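Remarks on the structure that follows.
Protein chains: 2
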Amino acid sequence: MISVAIDAMGGDFGCEPIINGVVDALQERKFNAFLVGDEAQIKSFIPQDQGFEKYITYVAASEVFEMKEGATDALKRKESSIFKAVDLVKDGTCKAVVSAGHSGATMSLATLRIGRLKGILRPAIATLMPNSIGGRTLVLDVGAYVDCKPENLFQFAIMGEAYAKEIMGLNAPRIGLLSNGEEDSKGNEVTKETFHMLKKMQNFIGNVEGNQIFDGSVDVVVCDGFIGNIMLKSSEGVASAIGKLIKNETKKSPIAIAGSILMKRVFKIIKKSTDYDEYGGAPLLGVKECVIISHGKSTPKAVKNAIFQALKFADSKINSAIESEISSNEQK
Amino acid sequence: MISVAIDAMGGDFGCEPIINGVVDALQERKFNAFLVGDEAQIKSFIPQDQGFEKYITYVAASEVFEMKEGATDALKRKESSIFKAVDLVKDGTCKAVVSAGHSGATMSLATLRIGRLKGILRPAIATLMPNSIGGRTLVLDVGAYVDCKPENLFQFAIMGEAYAKEIMGLNAPRIGLLSNGEEDSKGNEVTKETFHMLKKMQNFIGNVEGNQIFDGSVDVVVCDGFIGNIMLKSSEGVASAIGKLIKNETKKSPIAIAGSILMKRVFKIIKKSTDYDEYGGAPLLGVKECVIISHGKSTPKAVKNAIFQALKFADSKINSAIESEISSNEQK
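Chains as they are written, first to last, in this note's numbering: chain A, 1 to 332; chain B, 1001 to 1332.
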């Protein structure tokens, strides 16, 4: 059975939504949950005498690494729940860690304590974006590192391809480089150089534009963490603005309100298909074990799905696939 | 009366939508339209004996600069409609030029033939994005130049502020720097340095995230052309994906179809408020006269609104405002 370390304290709303998510996950699948934090607090949210306890191990951590702290301090905070959760993976107790805490701290600790895969220069945060044909597009990096070099972006492509094959089950994922135009000549200095490196990948389809992330014409989109973050936040902003405009305009007319009631099911489906909670977290690719970074505002559903992602990742061959691709490219 | 040069041939669909847009514009406002291209073709789309002719001057151009050509060749193509249209501004015949042709060519010609404003290192394309509170957010640069230096981004902020004051009528426009987080410490190498330069601007509100473009919390957003293009295309992609998902899900149920009929007015308003045609073109800021770059697929409505933008720009003091701000900053 796979053991997953869970930072029970790091989220914006304390341990309640995290533990509720863990309980929901245990109701659907069996795994060993290592819950790191204040045992008394954590226990108060676990239904007693329902058989959950045998899957749970409590690991005491007296401190919480707060959102306002600088990621570089994470290494010194040895009593924090995130430090202890990551170290359960480092020492081999667990195969994966899930944290809704400070994402910079999680990244630093994962990189420095668990370590990078052989040959990987920089890990990347990968996220799944919903597209208009009902599928998902993997985008990386969405925030681990700004100011990437072409070698970094090239490695992101290799890691993204491995994820698409091993986790998403795609045979020949289409890899695209995010740019300001589809033509080969488009790009900035960094992406132009990256383009030439990516040409040797069989599944590279060339430069892709921002809209292609959402139209199903590409499976893996590569960019640096600065651009990935801006793209991600802008997309969320557009979706939220459209939602608000529809709501505000509907409120003005009884006819439109009636219409919106009849369309309720449609809006529910749209909400579900664009819902972050459906996947619950973003894997940090390029480190030696599975690290899932969840949103500070994660709901129990998001936590549950982040744990399911961790189980799938820990059960896959993605990391050996990444290492072998990186090493075969080094030999070229 | 203001004279506007219009590249009648450069759009994706030939001169018909362009000329229809010119005629629609002339029906609402009076200006001198200099139509550059094939006179016989252009004339065939102008209703005769309705008084339009007295506002129209035909300027012959035997060639069209095609979308597939490289922007750097634009200077050599002296018989092309875009070259001749830009030169009508250069020689003082017209106060503004509108083109739905090759945007790279328009930029090159504007920069090299009309020239940059005193002190401006690089012009920028500015675009208005709709936000959820029914207003517009100005974003620049959205594609003129990739790989910007901090000095360029600083100047974009000055140009954006001038546009917001002189054209949008805002007294104290809030200027933001597009970044991967709101905190002062966030950013990549270029934006971190830009941040320090922008701090001396009174209306600078700091780093802004992608979603803020769409929530009305900032008036002018500064970024380089690579990122601006990706943000723009991603946003369009999300809006289009949501539209498609709603349409596809609605089709599956008669109840939802009935609902969508009742909500028709709401969807129409949303479409209108997110409609590119409503402003019709993006001004190239930082050149000595007014240059409006329109989409190759511009409808007559987009062309009409691009012309109205040109009239407003040509009638404003924006360029002297930019020059005086740039010069006062140089003295600091």
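C-beta: ideal position from N, C-alpha, C; glycine also.
Everything numeric in this text was worked out from a predicted model, so none of it was measured.
- Annotation: the continuous beta strand (DSSP E) that includes Gly-1206 (chain B) extends over 1204-1208.
- The beta carbon of Leu-1026 (chain B) lies closer than 7 Å to those of Ala-1033, Phe-1052, Tyr-1055 in the same chain, with the five residues before and after it left out.
- For Arg-113 (chain A), same chain residues with a beta-carbon under 7 Å away, outside a window of 5 residues either side, are Val-86, Asp-87, Lys-90 in chain order.
- Taking CB atoms only, Val-1238 (chain B) has a neighbour in chain A less than 8 Å away.
- Within the segment 270-321 of chain A, the runs of beta strand (DSSP E) that reach at least 3 residues and sit entirely inside it are, in chain order, 282-285, 290-293.
- In this structure, the CA atom of Ile-1257 (chain B) is about 15 Å from the CA atom of Lys-268 (chain A).
- Within chain B, no residue has its beta carbon less than 8 Å from that of Lys-149 (chain A); the closest one is some 12 Å off.
- Per the Cβ contact rule, the segment 163-182 of chain A is not in contact with the segment 258-265 of chain A (fewer than 3 Cβ pairs under 8 Å).
- Gly-143 (chain A) sits away from Gly-11 (chain A), with the two beta carbons spaced by 8 Å or more.
- In the three-state scheme derived from DSSP, where H, G and I count as helix and E and B as strand, Asp-73 (chain A) is classed as helix.
- By DSSP's assignment, Pro-1130 (chain B) forms a beta bridge with B:Arg-1136.
- Per the Cβ contact rule, the segment 284-294 of chain A is in contact with the segment 114-124 of chain A (3 or more Cβ pairs under 8 Å).
- The segment 208-224 of chain A makes contact with the segment 148-157 of chain A: 3 or more CB pairs, one atom from each, lie closer than 8 Å.
- Fully contained in the segment 46-133 of chain A are the following alpha helix (DSSP H) runs of length 4 or more, in chain order: 81-90, 103-109.
- The three-state secondary structure of Gly-1225 (chain B), taken from DSSP, is helix.
- For Gly-1037 (chain B), the uninterrupted beta strand (DSSP E) segment begins and ends at 1032-1037.
- Here the C-alpha atom of Ile-1246 (chain B) lies approximately 17 Å from the C-alpha atom of Glu-249 (chain A).
- DSSP lists B:Phe-1034, B:Val-1097 as the bridge partner or partners of Ala-1005 (chain B).
- Per DSSP, the beta bridge partners of Ile-175 (chain A) are A:Phe-204, A:Val-220.
- Its chain contains Met-1, Ile-2, Ser-3, Val-4, Ala-25, Tyr-55, Ile-307, Leu-311 as the residues whose beta carbon lies nearer than 8 Å to that of Phe-31 (chain A), once the 5 sequence neighbours on both sides are disregarded; these appear in chain order.
- The closest CA to that of Lys-1095 (chain B), considering only B:Ser-1103, B:Gly-1104, B:Ala-1110, B:Val-1190, is found on B:Ala-1110.
- Annotation for Glu-28 (chain A): the continuous alpha helix (DSSP H) segment containing it runs 15-28.
- The Cβ of Arg-1265 (chain B) sits closer than 8 Å to at least one Cβ of chain A.
- In this structure Ala-321 (chain A) is not in contact with Lys-84 (chain A), their Cβ atoms being roughly 30 Å apart against a cut-off of 8 Å.
- Of all alpha-carbon atoms in A:Thr-127, A:Asn-305, A:Asn-319, A:Ile-270, the one lying nearest the alpha-carbon of Val-98 (chain A) is that of A:Asn-305.
- Neighbourhood of Asp-215 (chain A) in chain B, by CB distance below 9 Å: Gly-1237, Ser-1240, Ala-1241, Lys-1244, in chain order.
- His-196 (chain A) and Gly-1104 (chain B) have their C-alpha atoms roughly 23 Å apart.
- For Asn-1131 (chain B), the neighbours in chain A by C-beta distance under 8 Å run, in chain order, Ala-241.
- Excluding five sequence positions before and after Phe-1045 (chain B), the CB atoms of its chain that fall closer than 6 Å to its own CB belong to Glu-1016, Ile-1019, given in chain order.
- Straight across, the Cα-Cα distance linking Glu-39 (chain A) with Ala-60 (chain A) is about 6 Å.
- Distance from the CA atom of Pro-130 (chain A) to the CA atom of Asp-277 (chain A), rounded to whole angstroms, is 12 Å.
- Taking a 10 Å sphere around the C-beta of Lys-186 (chain A), we find 16 or more other C-beta atoms and assign the residue as buried.
- Using a Cβ-Cβ cut-off of 8 Å, Met-231 (chain A) is close to Gly-1210, Ile-1230, Met-1231, Ser-1234 of chain B, given in chain order.
- Under the DSSP assignment, Gly-259 (chain A) falls in the alpha helix (DSSP H) whose first and last residues are 254-262.
- Taken through DSSP and simplified to helix, strand or coil, Asn-180 (chain A) comes out as coil.
- Going by beta carbons, Asn-1211 (chain B) and Lys-233 (chain A) fall inside the 8 Å limit.
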